[in-house]
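A.B. asks: Below: one structure in structure tokens.
Protein chains in written order, with our numbering: chain A, 708 to 1008; chain B, 708 to 1008.
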């Protein structure tokens, strides 16, 4: 499908893409650039890529597909490094979770003969680093493409095909729409998880209660998400700050309503809300977006 | 261990206890009382109990151990029905998630020759009903005993032994302590999950966005908890309303701080908080309270 693919940032997502490319034989050569030489050595040793180097400018040269898979705050630097080394006709994409600002930044700075098509594979685990990646990560998961003014139609088709070949289901939408929807389905849940764990840690510090011991009552579910990559999520919230702030306000308003209903013992209202929220889980399972087993199928010994 | 055990309310928890008693041969006879005759017929047919009837007063007669496993709002009714049918020397317990008010209510209303020891097995799934129970539900899970003025010491020992035999690890603490800790580790996480799903549903209704489709980005984790039994959770929040209200205030205060940090692009502060929250997951896994696999070990096809 491609001669040379270059992945900039070989963490959980980057290394999973590299593994999926190799497994499905989608490129003759996969290379990667990472600031840390420990990472570069590791991914060569683990046979995740064919070549790795901290010299992004050099290693990107001659690539047909370049995938930026590093935190959003690193994009600016990367673009200025690579913009003059991009091959004529190359496709440039990323895997970032926020689109609007990023698309404009890159659109402005790359040459006209490069197709810039932003991607967002909605997949991941709470782990980070190249060791935690695996080739099946994208299987049956959505990947949203958000084209820019510098996206060529034939390249959008090719990139769609690429994501499908590594297991994704592909959707195309505008950056604005993407950032709004993801603030609901992904950014807000992460922020809330971070906030409940942070609130708990503050109480724990003050009164040293047995929080960890009794976490199976619900809290443990949130600690999984709150264990996600701190740099990645710091960047996401800042990049999508307007949607995030709006969602926080809506969330607080509804939480206040719940508090009022609880304090006034409004049984009917609470029952109505909790019955409504019960239904969406079935829809999610039906849509194939979670497993159809109680407790996420987790089995403990 | 017992001659006759009576379980009042044979849902997920009640039926799991019945199954565990039978599996571990802890009673000669297990009976159950349920308002719904469909349930009574079902649990006989499934061989979960030996006898079942809507007549609580009658079926409780002669039991050595009585376990109330129905929603907190049903306790008052049940106690008035059974208080004159309890056997001399019987142990009365429950499995409720809030203790303070309930302990006082029952303490006041039962005869002196009955040992009233409240229990809270911290176990469950998002499913409800007798079909969803299983005998291993309590394995390696904490069960907190909160004795009352009407708890005899030898009976506390016996009840501890009972919970251990069905797999639990047992702790004893005061009702006040229990209600405070559980508001942090269980009630607040549930309320937050209900609230984020409710907030999402409101947006979905208004703008009909593709929420379900992209829920794998984080939201789906919360929908599991928000699919829990509405009646049970309505009762828990109302019974523990003072602790819950305090936790809501703390949560909102911290969320406002996060919003401020996001809007002012305070990278350092966000990174510091998200790095701190990452650590507790490892402690929870180390304490055996969650599985040591990314994504809860969920595997999808």
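Glycine residues also receive a C-beta, built at the ideal position from the N, C-alpha and C atoms.
Given a threshold of 16 other Cβ atoms within 10 Å of its Cβ, counted over all protein chains shown, does residue 871 of chain B qualify as buried or as exposed?
C.D. replies: exposed
A.B. asks: Check residue 1008 of chain A in the structure and name its three-state DSSP category.
C.D. replies: For residue 1008 of chain A, the pLDDT reaches just 48, beneath the cut-off of 50, and the residue's location in the model is therefore unreliable, although a value from the coordinates is still provided. In the structure shown, residue 1008 of chain A sits in coil (DSSP, three-state: anything other than H, G, I, E or B).
A.B. asks: Relative to the C-alpha of residue 776 of chain A, which candidate in A/857, A/741 and A/748 has its C-alpha closest?
C.D. replies: A/741
A.B. asks: Using alpha carbons as the reference points, say which of B/984, B/780 and B/821 lies closest to residue 800 of chain B.
C.D. replies: Taking each of B/984, B/780 and B/821 in turn and checking the Cα distance to residue 800 of chain B, the smallest one comes out for B/821.
A.B. asks: Around the C-beta of residue 1008 of chain B, are 16 or more other C-beta atoms found within 10 angstroms, so that it is buried, or is it exposed?
C.D. replies: In this predicted model, residue 1008 of chain B has a pLDDT of only 48, less than 50, meaning its place in the structure is not dependable enough to derive any value.
A.B. asks: Pull up the distance between the alpha-carbon of residue 933 of chain A and that of residue 941 of chain A, whole angstroms please.
C.D. replies: 12 Å
A.B. asks: Measure the alpha-carbon distance for residue 893 of chain A versus residue 943 of chain A and round it to whole angstroms.
C.D. replies: 10 Å
A.B. asks: May I have the straight-line CA-CA distance separating residue 991 of chain A from residue 710 of chain A, to the nearest angstrom?
C.D. replies: 38 Å
A.B. asks: Taking three-plus beta-carbon pairs below 8 Å as touching, is the region 891-911 of chain B in contact with the region 854-866 of chain B?
C.D. replies: For the pair of segments examined, the region 891-911 of chain B was found not to touch the region 854-866 of chain B: the number of CB pairs separated by less than 8 Å stays below three.
A.B. asks: Taking residue 770 of chain A as the reference, which of A/979, A/713 and A/834 has the closest Cα?
C.D. replies: A/713
A.B. asks: Please list the partners that residue 870 of chain B has in chain A, where partner means a Cβ-to-Cβ separation under 7 Å.
C.D. replies: None at all; the shortest Cβ gap to chain A is about 15 Å.
A.B. asks: So, for residue 939 of chain A: in the same chain, excluding its five sequence neighbours on each side, which residues have a beta-carbon less than 6 Å away from its beta-carbon?
C.D. replies: 778
A.B. asks: Could you work out which residues of chain B lie near residue 940 of chain A, taking near to mean beta carbons separated by less than 7 Å?
C.D. replies: 981
A.B. asks: Which of the three DSSP states, helix, strand or coil, is assigned to residue 710 of chain A?
C.D. replies: strand
A.B. asks: Given that a residue counts as buried once 16 or more other Cβ atoms are within 10 Å of its Cβ, and exposed if not, what is residue 659 of chain A?
C.D. replies: Since the first residue of chain A shown is 708 and the last is 1008, residue 659 of chain A is not available in this structure.
A.B. asks: Can you give me the start and stop residues for the beta strand (DSSP E) that residue 736 of chain B sits inside?
C.D. replies: Unbroken beta strand (DSSP E) run through residue 736 of chain B: 734-740.
A.B. asks: On the criterion of 16 or more Cβ atoms from any shown chain inside 10 Å, does residue 832 of chain B qualify as buried, or is it exposed?
C.D. replies: buried
A.B. asks: Go ahead and label residue 791 of chain A buried or exposed: buried means 16 or more other beta carbons lie within 10 angstroms of its beta carbon, across all protein chains shown.
C.D. replies: With fewer than 16 other CB atoms across the displayed protein chains lying within 10 angstroms of its CB, residue 791 of chain A is exposed.
A.B. asks: Measuring only the C-alpha atoms, how far is residue 809 of chain A from residue 856 of chain A?
C.D. replies: Distance between the alpha carbons of residue 809 of chain A and residue 856 of chain A is about 13 Å.
A.B. asks: Out of B/803, B/719, B/720 and B/955, state which residue places its alpha-carbon closest to the alpha-carbon of residue 946 of chain B.
C.D. replies: Of the candidates B/803, B/719, B/720 and B/955, the residue whose Cα lies closest to the Cα of residue 946 of chain B is B/803.
A.B. asks: According to DSSP, which residues form a beta bridge with residue 940 of chain A?
C.D. replies: The partner list for residue 940 of chain A (beta bridge, DSSP) is empty, contrary to what the question assumes.
A.B. asks: Give the secondary structure of residue 837 of chain A by DSSP, where H, G and I count as helix, E and B as strand, and everything else as coil.
C.D. replies: helix
A.B. asks: Quick check: is the beta carbon of residue 929 of chain B nearer than 8 Å to any beta carbon in chain A?
C.D. replies: yes
A.B. asks: Take residue 772 of chain B and list the residues in its own chain whose beta-carbon comes closer than 6 Å to its own, dropping the five residues that flank it on each side.
C.D. replies: If we look at residue 772 of chain B and ignore the five residues flanking it on each side, its Cβ neighbours are 709, 712 and 798.
A.B. asks: Let's test the definition: count the other Cβ atoms within 10 Å of the Cβ of residue 931 of chain B and tell me whether it reaches 16, buried, or not, exposed.
C.D. replies: Result: buried.
A.B. asks: Suppose only complete runs of 4+ residues qualify. What are the alpha helix (DSSP H) ranges in the region 844-878 of chain B, listed by chain order?
C.D. replies: 860-872, all fully within the region 844-878 of chain B.
A.B. asks: I want to verify the contact list: residues of chain A whose CB lies under 9 Å from the CB of residue 811 of chain B, in sequence order.
C.D. replies: What residue 811 of chain B touches in chain A: nothing, since even the nearest Cβ is about 17 Å away.
A.B. asks: Note down the Cα distance separating residue 923 of chain A from residue 745 of chain A, rounded to an integer number of angstroms.
C.D. replies: If you draw a straight line from the Cα of residue 923 of chain A to the Cα of residue 745 of chain A, it comes to about 37 Å.
A.B. asks: If the cut-off is 9 Å on Cβ atoms, which residues from the region 888-906 of chain A count as contacting chain B, listed in chain order?
C.D. replies: Residues of the region 888-906 of chain A with a C-beta atom less than 9 Å from some C-beta of chain B are 888, 889, 891, 892, 893, 894, 895, 896, 897, 898, 899, 900, 901, 902, 903, 904, 905 and 906, listed in chain order.
A.B. asks: Answer with yes or no whether the minimum CB distance from residue 778 of chain B to chain A is below 8 Å.
C.D. replies: Chain A contact via Cβ: absent.
A.B. asks: Can you pull the chain A neighbours of residue 922 of chain B, defined as C-beta to C-beta under 7 Å?
C.D. replies: 892, 991 and 996
A.B. asks: Please classify residue 896 of chain B as buried or exposed, where buried requires at least 16 neighbouring CB atoms within 10 angstroms.
C.D. replies: buried
A.B. asks: Identify which residue in A/868, A/958, A/841 and A/817 has its Cα closest to the Cα of residue 1002 of chain B.
C.D. replies: A/841
A.B. asks: Going along the chain, which residues of the region 781-794 of chain B sit with their C-beta nearer than 8 Å to a C-beta in chain A?
C.D. replies: none
A.B. asks: Can you pull out the residues from the region 957-970 of chain A whose beta carbon lies closer than 8 Å to at least one beta carbon of chain B?
C.D. replies: 957, 958, 959, 961, 962, 963, 965, 966, 969 and 970
A.B. asks: Would you say the beta carbon of residue 928 of chain B is closer than 7 Å to some non-hydrogen atom of the ligand FAD?
C.D. replies: The model depicted lacks the ligand FAD and carries no ligand whatsoever.
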